[in-house]
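If you're matching positions, the sequence shown starts at 0 in numbering that gives the first Met the number 0 and goes up one per residue. Heads up, the beta-carbon is just placed ideally off N, CA and C, and yes, glycines get one too. Worksheet: one structure, shown below.
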Amino acid sequence: MYRMLITPIILSFLILFEGCAQRESIKYYDLGIDPNRKFNKSELENINNEIRKEKFDLIIPYVMRKNKIDMWIHVMRNALPDYNIQEDDLFGAEDLGSTSGLFIFTDRGKDRIERAVIGRRWGATQRQYEKDKSHLINELGIYDIIHDPIFVTEPLASIETEYDFRFNGLKEFIKERNPKRIAVNYRDELGPWETTRVIRDGISHTDFLLLTKELGEKYSRRLVSSEYLIMDYCISPVPAEVELLRNMRHEELRLVEKAFNKIIPGKTKIENLGNTGDYEVDITALRRMYKGESQRGRSSGWKDAIVQGGDIIAAPSQGKFAYVLKNNEQNAPREIQRLWKEYLKIEKILAETIKAGLTAREIIEDYTKKLAEVDVIVVDPQLHMVQPKNDFPAFAKAYEPNKTLISIDCHGKGKGSRKWKHDIYLGPRIGSYGPEWTYDVTLAENHHFVLEYFFYMPSQTNNKSEDQYLLFWNHEQAVATKEGVSYLSPPQKEIYLIK
0 MYRMLITPII
10 LSFLILFEGC
20 AQRESIKYYD
30 LGIDPNRKFN
40 KSELENINNE
50 IRKEKFDLII
60 PYVMRKNKID
70 MWIHVMRNAL
80 PDYNIQEDDL
90 FGAEDLGSTS
100 GLFIFTDRGK
110 DRIERAVIGR
120 RWGATQRQYE
130 KDKSHLINEL
140 GIYDIIHDPI
150 FVTEPLASIE
160 TEYDFRFNGL
170 KEFIKERNPK
180 RIAVNYRDEL
190 GPWETTRVIR
200 DGISHTDFLL
210 LTKELGEKYS
220 RRLVSSEYLI
230 MDYCISPVPA
240 EVELLRNMRH
250 EELRLVEKAF
260 NKIIPGKTKI
270 ENLGNTGDYE
280 VDITALRRMY
290 KGESQRGRSS
300 GWKDAIVQGG
310 DIIAAPSQGK
320 FAYVLKNNEQ
330 NAPREIQRLW
340 KEYLKIEKIL
350 AETIKAGLTA
360 REIIEDYTKK
370 LAEVDVIVVD
380 PQLHMVQPKN
390 DFPAFAKAYE
400 PNKTLISIDC
410 HGKGKGSRKW
420 KHDIYLGPRI
430 GSYGPEWTYD
440 VTLAENHHFV
450 LEYFFYMPSQ
460 TNNKSEDQYL
470 LFWNHEQAVA
480 TKEGVSYLSP
490 PQKEIYLIK
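In structure tokens:
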């Protein structure tokens with residue numbers, strides 16, 4: 000369905016891209032909102048809680064039993080960074096619902112996992128600087144046991160400190176349930192890549208000492224890391240979550256349309272293309288440059304650059320692309336048409352090989368073979384990530400000069416019940432980046448990820464000081480089913496034209 004010549008579409012009024020993905024593995028899920036308008040904050044909060052309920056009903060029992068865990072404890076404190084490697088990862092605060100307290104899920108042998116929030120959960124403060132939001136967790140309607148919040152005040156002098164209270168009473172709660180394996184939020188095996196600077200490892204050493212002191216030797220011996228549970232929870236979308244992503248795509252495409260229509264070649268600054276009001280709609284330009292310079296507009300050397308004829312305007316996270324016509328051009332030139340056909344060819348193979356139920360390693364092996372059959376060679380590094388930077392002759396010298404080179408990094412994305420979508424690196428990562436353990440994680444049904452890749456197509460010009468290749472970058476968010484990639488909006492088949 001991807002092999003076709005380019006048909007010109009002049010972008011005086013870009014058609015809003017609508018419709019459902021061609022392959023759908025779940026039934027239509029009515030969220031009760033109009034997809035043709037941006038939903039408001041209250042609607043999003045309600046939808047997020049529906050997602051949270053589905054996750055608690057469907058995913059928590061699955062991940063606990065898959066990993067043979069009887070009790071899952073997630074420790075939340077204001078001073079304890081949330082669990083993952085991204086600054087915007089808010090697993091406890093948004094997926095579970097609070098920034099403080101002990102969240103405890105216990106498998107008591109029934110279909111429903113018992114859900115409790117106990118421990119040091121902060122409530123109103125004596126000084127009343129902040130609005131008390133501790134009641135909000137009761138309104139979620141998803142927990143079976145919720146202990147009262149603690150009034151925050153500075154007590155008179157005492158021999159007791161906060162350490163004496165942090166896990167007080169937890170042993171009795173555990174003893175009543177007598178779990179054989181207890182998972183707690185700390186890392187053990189699933190480490191991040193070598194140069195990760197923001198690493199959120201879970202509870203502190205002090206937490207661990209206080210916890211084991213409270214539990215005693217019998218239950219302390221049963222503690223294990225909850226890293227696999229958190230990973231499986233986050234990388235397992237539920238139906239409401241997938242349908243929300245499709246609805247969010249409608250709004251994103253409206254912003255893409257608006258941004259594309261505002262472009263005036265010779266006047267519009269490239270650095271302003273991304274000012275769409277939504278960080279997910281990050282529009283940039285691709286342009287043939289010179290050795291050492293990136294062809295991607297969000298790079299050094301592009302400051303104050305203006306959109307000009309010959310540019311490709313890219314909304315990569317939505318998979319939308321347009322070519323800016325030069326004066327006297329009525330259609331994209333031959334090299335741009337060839338680049339577009341290469342994109343469609345590559346996209347088709349990835350759409351057919353990235354499937355739920357397979358590991359990243361199996362997928363990589365499959366697409367590497369199939370891409371090679373159509374003269375596209377998979378390489379590990381991205382051109383802008385190696386030294387010397389953006390030196391295509393040095394980068395490509397080991398390969399046949401007429402073949403396209405591609406570097407792939409289809410990392411995970413997540414939404415869950417959080418306010419914003421976020422990158423997920425604690426899970427399968429399809430490509431050449433990330434720790435190798437990510438290659439052996441199986442993709443869940445409706446795995447949310449980005450079809451990210453950079454390909455470099457040899458392209459000769461008479462000006463030998465110019466790059467003798469063209470870059471194409473895609474970053475489209477999609478989901479993977481057992482049949483292959485299911486798009487959040489119909490994939491673009493023709494390149495759009497701007498004049």
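**Q.** Beta carbon of Leu370 nearer than 8 Å to that of Ile405
**A.** yes
Q. If you check the beta carbons only, do Ile494 and Tyr232 fall under 8 Å apart?
A. no
Q.
Is the separation between the beta-carbon of Arg287 and that of Leu469 shorter than 8 Å?
A. yes
Q | Three or more C-beta pairs below 8 Å linking the segment 430-437 and the segment 250-267 | A | They do not touch, by the three-pair rule.
Q | Other residues of its chain near Thr211: CB distance less than 6 Å, five sequence neighbours each side excluded | A | Ser219
Q. Gly140 and Asp131: beta carbons closer than 8 Å?
A. no
**Q.** Limits of the unbroken beta strand (DSSP E) element including Thr283
**A.** Thr283 to Leu285
Q) Between Ile345, Lys418, Val478 and Arg199, which lies nearest to Pro236 when the distance is taken from Cα to Cα? A) Val478
Q | Member of Ser316, Lys170, Ile263 and Leu243 whose CA lies at the smallest distance from the CA of Gly308 | A | Ile263
Q: Name the two residues that bound the continuous beta strand (DSSP E) containing Gly483.
A: Gly483 to Tyr486
Q.
Given 7 Å as the limit, tell me if Tyr162 has its C-beta closer than that to any heavy atom belonging to the ligand ZN.
A. Judged by which ligands are present, the structure shown has none, so any question about the ligand ZN falls away.
Q: Assuming Leu425 contacts Ile202 (C-beta within less than 8 Å), just tell me the rounded distance between them.
A: About 16 Å separates the two Cβ atoms, so there is no contact after all.
Q) What's the gap between the Cα of Arg76 and the Cα of Ser99? A) It is roughly 5 Å from the alpha-carbon of Arg76 to the alpha-carbon of Ser99.
Q: Check each candidate in Tyr61, Glu270, Ile50 and Ile149 and name the one with the smallest Cα separation from Ile305.
A: In terms of CA proximity to Ile305, Glu270 leads the group Tyr61, Glu270, Ile50 and Ile149.
Q) Skipping 5 residues on each side, what residues in its chain have a beta carbon closer than 8 Å to that of Gln491? A) Phe16, Gly318, Lys319 and Phe320
Q: Could you have a look at Pro457 and say whether DSSP puts it in helix, strand or coil?
A: strand
Q.
Tell me which residues share the same chain as Asp200 and place their Cβ nearer than 7 Å to its Cβ, disregarding the 5 neighbours each side in the sequence.
A. Tyr185 and Arg186
Q. DSSP three-state call for Asn83: helix, strand or coil?
A. Unreliable positioning characterises Asn83 in this predicted model, as indicated by a pLDDT of 48, which lies under 50. The coordinate reading is nonetheless provided below. DSSP places Asn83 in coil when its eight states are reduced to three.
Q | Glu226 classed as buried or exposed, judged by whether at least 16 other C-beta atoms fall within 10 angstroms | A | buried
Q | Of the listed residues Leu214, Asp143, Glu138 and Pro178, nearest to Arg165 (C-alpha basis) | A | The shortest C-alpha separation from Arg165 is found at Leu214.
Q) Okay, do the segment 273-293 and the segment 436-449 touch, 3+ Cβ pairs below 8 Å being the bar? A) no
Q: Could you pull out every unbroken beta strand (DSSP E) segment of at least 3 residues lying fully inside the segment 318-360, listed in chain order?
A: 319-323
Q. Buried or exposed: Asp466, going by 16 or more other Cβ atoms within 10 Å of its Cβ?
A. Asp466 comes out buried.
Q: Kindly provide the ranges of any alpha helix (DSSP H) runs that are 4 or more residues long and lie completely inside the segment 190-229, ordered along the chain.
A: 204-219
Q. Quick one: what's got a C-beta closer than 6 Å to Ala20's C-beta in the same chain, skipping five residues either side?
A. For Ala20, the predicted structure reports a pLDDT of 31, less than 50, and the residue's modelled location is therefore unreliable. The matter cannot be settled from this model.
Q | Terminal residues of the alpha helix (DSSP H) in which Ile158 lies | A | Where Ile158 is concerned, there is no enclosing alpha helix (DSSP H), given that its DSSP letter is neither H nor E.
Q | Pair within 8 Å by beta-carbon distance, Arg51 and Asp94 | A | One thing to note: Arg51 has its Cβ within 8 Å of the Cβ of Asp94.
Q: Leaving out five residues on either side along the sequence, give the residues of the same chain with a beta carbon under 8 Å from the beta carbon of Asn327.
A: Excluding residues within five positions, none has a Cβ falling inside 8 Å.
Q: Using DSSP bridges, identify the partner residues of Ile305.
A: Paired residues: Lys268.
Q: With DSSP collapsed to three states, give me the class of Tyr452.
A: Taken through DSSP and simplified to helix, strand or coil, Tyr452 comes out as strand.
**Q.** Identity of the residue in Pro148, Thr195 and Phe55 nearest Ile112 by Cα
**A.** Taking only the C-alpha atoms, the option nearest Ile112 is Phe55.
(Q) DSSP three-state label for Tyr398, please. (A) coil
(Q) For a quick check, are the C-beta atoms of Ala182 and Val223 less than 8 Å apart? (A) Yes, the pair counts as a contact, with Cβ atoms nearer than the cut-off.
Q: Could you spell out where the beta strand (DSSP E) holding Arg114 opens and where it closes?
A: Glu113 to Ile117
Q: Take Gly296 and list the residues in its own chain whose beta-carbon comes closer than 6 Å to its own, dropping the five residues that flank it on each side.
A: So the qualifying residues of the chain are Ile269, Thr283 and Ala284.
(Q) Pop quiz: Tyr455 and Phe391 are said to be a contact at Cβ under 8 Å. What is the actual Cβ separation, rounded to whole angstroms? (A) 6 Å
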